[in-house]
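Visitor: Residue numbers (this note's numbering), protein chains in the order written: chain A, 3 to 538; chain B, 96 to 343.
Every residue, glycine too, gets a C-beta built ideally from N, C-alpha and C.
Keep in mind it's a predicted model, so treat the numbers as computed, not measured.
1) According to DSSP, is residue 155/A part of a helix, a strand, or is it coil?
2) In the region 246-310 of chain B, which residue ranges form an unbroken alpha helix (DSSP H) of at least 4 residues, counting only runs that do not cross its ends?
3) Taking a cut of 8 Å between CB atoms, which residues from the region 245-274 of chain B lie near chain A?
4) On the CB-based measure, 16 or more other CB atoms within 10 Å of its CB, does residue 128/A come out buried or exposed?
5) Which residues in chain A sit within 7 Å of residue 331/B, going by Cβ to Cβ distance?
6) Residue 203/B touches chain A at which residues, Cβ-Cβ below 7 Å?
7) Got a sec, what are the start and stop residues for the alpha helix (DSSP H) residue 447/A sits in?
8) My output table needs one value for residue 226/A: the three-state DSSP class, helix, strand or coil.
9) Going along chain B in order, which residues have a C-beta closer than 8 Å to the C-beta of residue 55/A?
10) For the alpha helix (DSSP H) that residue 168/B lies in, which residues bound it at each end?
11) Might you give, ordered along the chain, the residues of its own chain that have their beta carbon closer than 8 Å to the beta carbon of residue 213/A, omitting 5 neighbours on each side?
12) Spell out the partners DSSP gives residue 158/B in its beta bridges.
13) Is residue 436/A helix, strand or coil when you go by DSSP?
14) To the nearest angstrom, how far is it from the Cα of residue 126/A to the Cα of residue 109/A?
15) Interface residues of chain A around residue 186/B at Cβ under 9 Å?
16) Taking beta-carbon pairs under 8 Å, can you tell me which members of the region 146-165 of chain B lie near chain A?
17) Per the DSSP calculation, residue 338/A is bridged to which residue(s)?
18) What is the residue span of the beta strand (DSSP E) that residue 206/B lies within?
19) Between the region 74-105 of chain A and chain B, which residues of the former have CB atoms less than 9 Å from a CB of the latter, in chain order?
20) Out of 56/A, 64/A and 439/A, state which residue places its alpha-carbon closest to the alpha-carbon of residue 253/A.
21) Closer than 9 Å, Cβ to Cβ, to anything on chain B: give me those residues from the region 58-74 of chain A, in chain order.
22) Does DSSP put residue 289/A in a helix, a strand or coil?
23) Quick check on residue 361/A: buried or exposed, where buried means 16 or more other Cβ atoms within 10 Å of its Cβ?
24) Spell out the partners DSSP gives residue 282/A in its beta bridges.
25) Three-state secondary structure (DSSP) at residue 233/B?
26) Would a C-beta distance cut-off of 8 Å place residue 419/A and residue 176/A closer than the cut-off?
27) To the nearest angstrom, report how far apart residue 324/B and residue 274/A are at their CA atoms.
28) Which residue marks the beginning of the alpha helix (DSSP H) containing residue 83/A, and which one marks its end?
29) Assign residue 377/A to one of two classes, buried (16 or more other C-beta atoms within 10 Å of its C-beta) or exposed (fewer than that).
30) Which residue wins for smallest C-alpha separation from residue 332/B, given the options 159/A, 145/A and 322/A?
31) CA-CA distance, residue 309/A and residue 388/A?
32) Cβ closer than 9 Å: which chain B residues qualify as neighbours of residue 295/A?
33) With 8 Å as the threshold, decide whether the Cβ of residue 292/A is near any Cβ in chain B.
34) Does DSSP put residue 319/A in a helix, a strand or coil?
35) If you draw a straight line from the alpha carbon of residue 344/B to that of residue 480/A, how long is it in whole angstroms?
36) Check whether the region 155-165 of chain B and the region 299-308 of chain B touch, using three or more Cβ-Cβ pairs below 8 Å as the test.
Okay, here's the thing in structure tokens:
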């Protein structure tokens with residue numbers, strides 16, 4: 003079952019706190035990585051790969067097969083797999099292991115997390131020189147498999163792995179968010195789905211869906227439970243709404259602009275619809291898929307990488323068969339403020355390499371990382387969920403195109419909802435965006451979701467949500483996520499501003515003391531010389 | 096005189112029997128029902144609306160996790176159980192919350208995927224008193240609507256048969272679909288009267304160093320077992336098992 007998020011939250015907080023305490027300070031760091039002239043195949047290497055899966059056995063099997071296939075090509079490299087089911091746990095463990103110099107060699111991660119790792123010295127290997135290396139680089143002459151060239155990695159996806167002008171990761175899979183819609187209920191309520199969902203449409207239909215009879219039974223589903231609109235990732239919800247509104251969130255340099263009038267306005271809208279029961283969140287109520295499939299939700303927004311859980315015929319389900327309701331599932335772009343200029347987030351796992359004292363080990367890690375970009379791995383993994391491969395080589399391959407064309411042939415490999423979710427991203431590559439990455443961007447992301455969670459929770463508890471509430475909310479969230487601390491780009495020197503007056507006084511006193519000591523020493527030396535002159 | 100003696104003897108006998116009946120919970124078991132002023136009874140808690148504020152007195156039965164000043168607890172009084180999620184709690188106080196400890200908790204009642212619990216952010220104070228619940232045998236309630244009345248309680252299941260957890264015939268899985276590894280939650284299937292149920296060893300409650308984790312890893316399909324655990328809920332009953340023994 004998938005109730006892992008509560009643990010993830012704990013772990014994420016663990017990570018933030020641990021790193022703030024142990025972090026990067028005081029570490030002398032490893033030597034900067036340089037690409038060896040030759041990969042020494044006379045030696046044996048053992049590398050660890052920390053991989054994330056969506057609690058999906060097929061995905062873990064693909065990782066294992068990839069390792070076995072790679073080890074056949076490179077018998078001198080052994081890859082040890084460690085499985086994770088959430089990014090927060092990986093983040094936590096990496097941070098713990100940075101402080102003990104026991105990081106994995108290869109690791110699935112988010113660019114936001116890499117930005118934090120980069121506050122250490124030479125912790126994460128910059129990949130620029132490895133990409134370009136003639137023999138071992140992307141598609142290099144000495145690589146023993148059909149690797150993609152740099153040009154064959156989708157440029158937008160690769161750019162997401164660039165921090166301060168250097169590549170610190172390669173994309174592994176990409177997804178976005180989709181709105182999985184119970185079309186049957188929308189039409190039963192007298193509405194027709196537009197080509198592109200708008201926020202206004204969703205709110206209107208959701209309000210219509212909460213009508214009950216005198217017995218408290220919802221008219222639309224004849225059940226006691228109906229939450230028409232459930233959002234899984236409320237940080238994405240806020241980020242995408244702000245982007246669509248062209249409102250502030252953060253700058254590339256790490257300035258935080260989240261707390262603005264547009265945000266406040268959006269939160270009031272959320273509060274309005276949470277109050278009527280038309281809206282809730284995953285953290286407050288549960289997985290959108292479970293409600294959708296039980297006929298208790300009409301608009302379920304979740305990752306395209308969660309598509310196999312969505313719909314009456316979903317191959318994966320957490321609810322019992324007798325709770326499933328038969329309905330038509332529409333896979334749609336998440337709601338927009340301006341349908342003519344759609345904006346959606348690009349997300350998904352990337353892979354980074356941790357530096358080691360032995361560059362040959364790093365090179366072995368790089369070869370394995372590159373193997374994860376081969377068509378064999380890319381296509382197999384992408385087919386497990388509504389992911390898309392990150393290379394044009396894989397996307398345009400006959401095998402992948404055939405997979406897409408067979409949409410709906412069955413309710414497993416070719417499950418239509420899953421393939422529609424993949425196509426949603428493939429058709430909108432130009433409409434995706436990512437948020438700026440900097441040390442602290444992961445916390446800002448969490449904070450943006452927390453605003454929606456808190457407002458939703460508060461109105462459910464019949465608290466008053468007004469201007470003073472918002473003021474306190476912003477203050478609390480700023481404090482909780484330490485947003486008032488400096489989050490400069492990891493590679494930039496921070497402008498710390500003017501020194502506090504107490505510090506100025508203390509430093510002046512210290513400088514004055516040193517001056518007096520020096521003066522005393524000089525005078526003593528002069529006197530000594532005079533005495534010497536007098537005695538000789 | 097005879098009457099007085101008879102009454103005295105009768106009282107002695109009554110008290111003696113009552114004393115034998117008490118387990119380690121001692122006198123506190125009787126006191127468990129007596130709530131302080133402003134504190135809800137379990138019945139009032141059950142009747143309280145979701146997202147309303149609740150004040151309860153309860154006894155720690157097991158601790159699931161602590162981090163960042165948040166504790167997750169399985170608790171119970173004589174009348175019923177309360178699952179408390181991410182209660183505000185210092186590490187120092189968490190150490191004091193040994194099984195049996197009486198606490199007064201103020202928070203909000205909520206529901207997540209069928210699990211009724213006291214929501215994140217509740218506060219508590221430690222009070223005098225101790226109570227350890229004995230497991231209620233709910234075997235006969237499996238598959239009935241009545242089972243949910245025991246949600247989160249410490250319960251037992253007797254004489255159930257281990258069934259295959261997947262097509263390969265494994266007796267247990269790491270994670271619900273076998274995608275995990277040692278240290279993750281364990282999932283296993285047990286049946287009774289032709290109905291199969293999925294039970295869990297929750298790794299935060301019982302990690303891979305515990306007897307129950309080892310016991311489940313040693314299960315064979317067809318084994319008859321007795322179990323104890325907490326009657327957690329996730330889209331239906333999902334007991335968090337704390338002990339597995341061969342059926343008696």
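Guide: Reading from the atomic positions:
1) Strand.
2) Counting only runs of 4 or more, we get nothing.
3) Answer in chain order: 270, 271, 272, 273 and 274.
4) Burial call: buried.
5) Residues of chain A passing the Cβ test: 322.
6) One finds 463 in chain A with Cβ atoms closer than 7 Å to the Cβ of residue 203/B, taken in chain order.
7) Run containing residue 447/A: 443-462, per the alpha helix (DSSP H) assignment.
8) In the structure shown, residue 226/A adopts coil according to DSSP, grouped into three states.
9) Result: 274.
10) According to the DSSP assignment, residue 168/B belongs to no alpha helix (DSSP H) but to the beta strand (DSSP E) extending over 165-171.
11) Same-chain partners within the cutoff: 220, 221 and 222.
12) Assignment of beta-bridge partners to residue 158/B by DSSP yields 168/B.
13) Under the three-state reduction of DSSP, residue 436/A is assigned to coil, being neither helix nor strand.
14) Looking at the two C-alpha atoms, the distance is approximately 10 Å.
15) Contact note: residue 186/B does not reach chain A at a C-beta cutoff of 9 Å; the least C-beta distance is about 12 Å.
16) Residues of the region 146-165 of chain B with a C-beta atom less than 8 Å from some C-beta of chain A are 146, 147, 148, 160, 162, 163 and 165, listed in chain order.
17) Answer by DSSP bridge pairing, in chain order: 200/A.
18) Its beta strand (DSSP E) spans residues 196-207.
19) If the cut-off is 9 Å between Cβ atoms, the region 74-105 of chain A has 83, 84, 85 and 87 near chain B.
20) Closest option to residue 253/A, Cα to Cα, is 439/A.
21) Taking 9 Å as the Cβ-Cβ cut-off against chain B, the residues of the region 58-74 of chain A that qualify are 58, 59, 60, 61, 62 and 63.
22) The answer is coil: DSSP assigns residue 289/A none of H, G, I, E or B.
23) It is buried - the Cβ of residue 361/A has at least 16 other Cβ atoms within 10 Å.
24) Residue 282/A is bridged to 232/A.
25) The answer is coil: DSSP assigns residue 233/B none of H, G, I, E or B.
26) Going by C-beta atoms, residue 419/A is not nearer than 8 Å to residue 176/A.
27) If you draw a straight line from the Cα of residue 324/B to the Cα of residue 274/A, it comes to about 41 Å.
28) Counting along the chain, residue 83/A falls outside any alpha helix (DSSP H), though it belongs to the beta strand (DSSP E) covering 79-86.
29) When all chains shown are included, residue 377/A counts as buried.
30) Considering only alpha carbons, the answer is 322/A.
31) Rounded to whole angstroms, residue 309/A to residue 388/A spans 6 Å at the Cα level.
32) Result: empty, since nearest Cβ-Cβ is about 10 Å, beyond 9 Å.
33) Yes, its Cβ sits closer than 8 Å to a Cβ of chain B.
34) In this structure, residue 319/A counts as coil in the three-state DSSP scheme.
35) In the structure displayed, chain B extends from 96 to 343; residue 344/B sits before or after that span and is not available.
36) Output reads yes: the region 299-308 of chain B touches the region 155-165 of chain B.
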